[in-house]
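First the structure, in the form of C-alpha cells, and then the observations on it.
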Amino acid sequence: MTIDHLVGRRVTLRGIAGDAAGGAVLLVSEGTPVYVEGMSGWDALAGSTIEITGELERAEIAPLLPAQGELASHGAPGRQYVLRNPTQPRPQPGG
Numbered sequence: 001m002t003i004d005h006l007v008g009r010r011v012t013l014r015g016i017a018g019d020a021a022g023g024a025v026l027l028v029s030e031g032t033p034v035y036v037e038g039m040s041g042w043d044a045l046a047g048s049t050i051e052i053t054g055e056l057e058r059a060e061i062a063p064l065l066p067a068q069g070e071l072a073s074h075g076a077p078g079r080q081y082v083l084r085n086p087t088q089p090r091p092q093p094g095g
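The letter at position 6 of the sequence shown is residue 6 when you use the UniProt record's numbering, and the numbering goes up by one with no holes.
Next comes the structure, spelled out in C-alpha cells:
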C-alpha cells in the first residue's frame, strides 16, 4: 500500500517509531519511512507503535551529493516522505 495519495494533506499516521541517520522516522505501510520534522530521534519511544498527526509532504532531506567543500553524508535518492508540524506522538496499545 502506498501513501502517495495522502501527500499534501493533514493526516494521522500509525506505525513503528524508528531512528534513522536523517532523524526520527515512523515506519508505516510495510516499512515505508516517514521522517518526522524537528525530531532527531524517539528516545524511549523507539520501537513502539505510535500515532502522530501532521502534514504529509515529499522532500529531499538527505542529498546524495555534498555541496562543494562539505563532507559526504549517507544520502538518500529522491524525495522522502516528511511529516511537517507534527503533534505530540501518542503511544498505542500493543507496541
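No residue lacks a Cβ here, since even glycine has one placed at the ideal position from N, Cα and C.
In this text, all values refer to a predicted model and were calculated from it rather than measured experimentally.
### Task
With a cut-off of 8 angstroms on the beta carbons, I'd call GLY18 and VAL36 a contact; round off their distance for me.
About 10 angstroms; that fails the 8 angstroms criterion.
### Message
Considering just the uninterrupted stretch of the beta strand (DSSP E) at ILE52, what are its terminal residues?
### Response
49–59
### Message
Can you tell me whether GLY54 is buried or exposed? The criterion is at least 16 other CB atoms within 10 Å of its CB, across all chains shown.
### Response
buried
#### Entry: Bridge partners - LEU45, DSSP secondary structure assignment
None, per the DSSP bridge assignment.
### Nonlocal neighbours in the same chain, by C-beta distance under 6 angstroms from GLY41, ignoring five residues either side
ASP19, ALA24
#### Entry: Neighbourhood of GLU60 by C-beta distance below 6 angstroms, restricted to the same chain and skipping five residues each side
ARG79
### Task
Sort out for me which residues DSSP pairs GLY23 with in a bridge.
ALA20
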